[in-house]
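Asks: For reference, the structure I am asking about is given below.
Protein chains in written order, with the numbering used here: chain R, 1 to 243; chain F, 1001 to 1138.
Have a look at this one:
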């Protein structure tokens, strides 16, 4: 079994949980089983793996604050938080208007924007960034990856009072797009207009390593992508893989 | 781009009669094939792909590897990179780049009697390329 695969939560359950989450308060919850600390990973498989089948439902989901991946950033920068259900046209409609400047405003819009997303929203986040780079042009990019801790509160559906708090770590991405130049030495920096150059440019850049490896490369490393139809496994339980 | 002939008939035909065609997805093109390139997919076991990366960095003598993920596999690529970093106790650094990959789909008519010709459609998908490397001691 893959250790990071989160259990897929049925849609029905999810709807219930989002409705309830409005009433959810962070105080006053008795954590029967509290698992914490994202990177000192768990000794046992977390209870969330089977919570759904054991008569639990998720009542609350909160993302814990993580440090900003861009330390030197001005405080007023527009941050687009991309969620799983966000519509790209809504996000882009808003962000493009702010970056290009409203009609009649002469300053030409914002200089920088940050897109962040975690779990299943990561792909959508990248797509938004790619669209904006194409439309606005000449944007410097800085990409940062980190784990984000998500706290979930599960409640027994069988009338009991037991509640459970689960901490999951999900991969998250933060991308800064800037009209002004950024530090090219920073890991994750990408200069403007590398849209198509990325593949070819990398091809010849490290020919020396070709001799270092013994194993021959299999044919077409991407070969299984096109038929990939499995459901998204975005959120992952924080279990450390065995070494 | 690949099917200039059918541009006029294509949108209507696809919208009105999708049953008549079989959709076949072609492979992405333009792939760098260095020894230290790892292409993450959703079919191979996660641990196997993680172990492969660890092997390259520890046993293979590579100072850096490149983890690529396309579409759905972006998540897994990030997960692998972050796991590698976490298990290295901070020795490894990540540098992620994003890109758009153009994919081509073939539409093949199911019914050979009908005078329909095969068509192609292109679409875009997002991709990530994560360089996992030991920073140079300076």
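We put the CB at the ideal spot given by N, CA and C, even for glycine.
(1) Applying the 10 Å Cβ sphere with the 16-neighbour rule, what's the burial state of residue 143/R?
(2) Look at the Cβ atom of residue 1078/F, then the Cβ atom of residue 1098/F, and state whether they are nearer than 8 Å.
(3) Would residue 1069/F be called buried (16 or more neighbouring beta carbons within 10 Å of its own) or exposed?
(4) Given a limit of 8 Å on CB to CB distance, which residues of the segment 118–140 of chain R reach chain F?
(5) Skipping 5 residues on each side, what residues in its chain have a beta carbon closer than 6 Å to that of residue 1072/F?
(6) Can you say whether residue 56/R is buried or exposed, counting buried as having 16 or more other CB atoms within 10 angstroms of its CB?
(7) Chain R partners of residue 1126/F, CB-CB under 7 Å?
(8) Counting pairs of Cβ atoms below 8 Å between the segment 148–166 of chain R and the segment 181–192 of chain R, do you hit three or more?
(9) If you draw a straight line from the alpha carbon of residue 1101/F to that of residue 155/R, how long is it in whole angstroms?
(10) Any beta carbon from chain C within less than 8 Å of residue 1093/F's own beta carbon?
(11) Taking just the CA atoms, how far does residue 1123/F sit from residue 1048/F?
(12) The alpha helix (DSSP H) with residue 1131/F in it runs from where to where?
(13) For residue 109/R and residue 99/R, what's the separation of their Cα atoms in angstroms?
(14) If you drop the 5 nearest sequence neighbours on each side, which residues of the same chain put their C-beta closer than 7 Å to that of residue 1093/F?
(15) Under 7 Å Cβ-Cβ, which residues of chain F neighbour residue 143/R?
(16) I'd like to confirm the pairing. Which residues does DSSP put opposite residue 1096/F in its beta bridges?
(17) Would you mind sorting residue 45/R into buried or exposed? The rule is 16 or more other CB atoms within 10 Å of its CB.
Replies: Inspection of the coordinates gives the following:
(1) Under this definition residue 143/R is a buried residue.
(2) No, they are not a contact pair.
(3) By the 10 Å Cβ count, residue 1069/F comes out buried.
(4) The residues in question are 119, 120, 122, 123, 126, 127, 129, 130 and 134.
(5) Around residue 1072/F: 1042.
(6) Its Cβ being crowded by 16 or more others within 10 Å, residue 56/R is buried.
(7) Here the neighbours are 123, 126, 127 and 130.
(8) No: the two stretches stay apart, fewer than three of their Cβ pairs being nearer than 8 Å.
(9) Going by the C-alpha atoms only, they are around 43 Å apart.
(10) No chain C is part of this structure, whose protein chains are labelled R and F.
(11) Approximately 30 Å between the Cα atoms of the pair.
(12) For residue 1131/F, no alpha helix (DSSP H) run applies; the uninterrupted beta strand (DSSP E) run containing it begins and ends at 1119–1133, by DSSP.
(13) About 5 Å.
(14) Counting only Cβ-Cβ distances below 7 Å, and skipping sequence neighbours, we find 1133 and 1135.
(15) The contacting residues are 1096, 1097 and 1098.
(16) According to DSSP, residue 1096/F bridges with 1130/F.
(17) Interpretation of residue 45/R is limited by its pLDDT of 42, a score under 50 that renders its predicted location unreliable; no figure is taken from the coordinates.
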